[in-house]
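Take the sequence shown: its letters are residues -17 to 66, numbered as in the numbering used here.
For reference, the structure is listed below as structure tokens.
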Amino acid sequence: MVNIVYAMCALTSLLCAVLLFRAYLGNGYRLLWWSGLCFSGLALNNAVLILDKLLLPDTDLTTLRLSIALVALLPLLYGLIFDE
């Protein structure tokens, strides 16, 4: 059951990223671009979570996952603060 939840979280993040990028191409609001970058990183974070918990249970990838999540949130933070 947990496999399905992890996979659905990764797919949902990826779908959000795709939809945000498509919306950005449609109307050009830069906040959509920063949000798409953020969700792309979160999808990568969820993929590493699947690796960490399911495929490589003996290897601790927590630091890598948290680093990816931090880097994923930085573009959105930049867009919210500095982009007009």
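Even for Gly, the Cβ is constructed at its ideal location relative to N, Cα and C.
query: Would you mind working out which of 25, 32, 11 sits nearest residue -16, comparing C-alpha positions?; result: 32
query: At the level of alpha carbons, what is the spacing between residue -5 and residue -11?; result: 10 Å
query: Quick one, which of 64, 36, 30, 1 has its alpha-carbon nearest residue 48's?; result: 30
query: Please classify residue 27 as buried or exposed, where buried requires at least 16 other C-beta atoms within 10 Å of its C-beta.; result: buried
query: Check for me: the alpha helix (DSSP H) holding residue 39 runs from which residue to which?; result: Unbroken run through residue 39: none, as it is neither H nor E.
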